[in-house]
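Each residue of the first sequence is one higher than the one before, starting from 21 at the first, in the working numbering.
Everything below concerns the one structure shown next.
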Amino acid sequence: MAYWLMKSEPSVYGIQDLRRDHTTLWDGVRNYQARNFLTSMTAGDQAFFYHSNTQPPGIVGLMTILETHQVDPTQFDPANSYYDPKSSPDQPRWYTVRVGYLETFPTVLSLDRLKQTFSPEELWVVRRGNRLSVMPVAEAIGDRLLALARA
DNA sequence: GCCAACGTTGGC
DNA sequence: GCCAACGTTGGC
21 MAYWLMKSEP SVYGIQDLRR DHTTLWDGVR NYQARNFLTS MTAGDQAFFY HSNTQPPGIV
81 GLMTILETHQ VDPTQFDPAN SYYDPKSSPD QPRWYTVRVG YLETFPTVLS LDRLKQTFSP
141 EELWVVRRGN RLSVMPVAEA IGDRLLALAR A
């Protein structure tokens, strides 16, 4: 089982929304590196839910990957803000995963705390200028994050 | 293939 | 709201 970290703005879709919905299709990723990480996920992997553009930004909970290699339907919908005119149903370019809610941590692992605890090499999300919305988390680091979150 | 312009992300 | 960082676009 691998660990990942996935970002979302809580004003758009937060951990509370996932807790309510139980499961959701993680749509709207339009970055090739992030997409490549999405397509390399395996069912049963776990992903940390990171709230960006909020105060404080940080890791707020845990998800499980339910289904992989899902075509992101928003790429075909001209009315959707994630519409990609260069994509077509016979040649989709954006794939994603279905995630399931696992837990909300009792306290937010704030970006500030993450920076104090992990080096940029250990945890990509603390790298300066990092804009990637989906990234891998090494197993040892994921274990430490869970220990911190549940302490 | 270079690179300037532009748009977006996301912390602050 | 500002702006640094960075990915993408498009002219050449």
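Glycine included, C-beta positions come from ideal geometry on N, C-alpha and C.
Check your understanding: Among V32, L131, T62 and T43, which residue has its Cα nearest to the Cα of R147?
Key -> For the options V32, L131, T62 and T43, the alpha carbon positioned closest to that of R147 is the one of L131.
Practice item. Compare the beta carbon distance of F68 and G81 with 9 Å and say whether it is the shorter of the two. Key: yes
Exercise for review: Below 6 Å CB to CB, which residues in the same chain sit around W46 once its five sequence neighbours on both sides are set aside?
Suggested key: If you ignore the 5 residues before and after W46, its C-beta comes within less than 6 Å of the C-beta of T116, V117 and V119, all in its own chain and listed in chain order.
Exercise for review: Give the secondary structure of R118 by DSSP, where H, G and I count as helix, E and B as strand, and everything else as coil.
Suggested key: strand
Point to revise | According to DSSP, residues forming a beta bridge with E87 | key: R118
Exercise for review: Figure out for me which residue from S139, T127, A99 and V32 has the closest Cα to the Cα of V157.
Suggested key: Nearest of S139, T127, A99 and V32 to V157, Cα basis: S139.
Check your understanding: How close, in whole Å, do the beta carbons of L25 and V145 come, if the pair is a contact with beta carbons under 8 Å?
Key -> 6 Å
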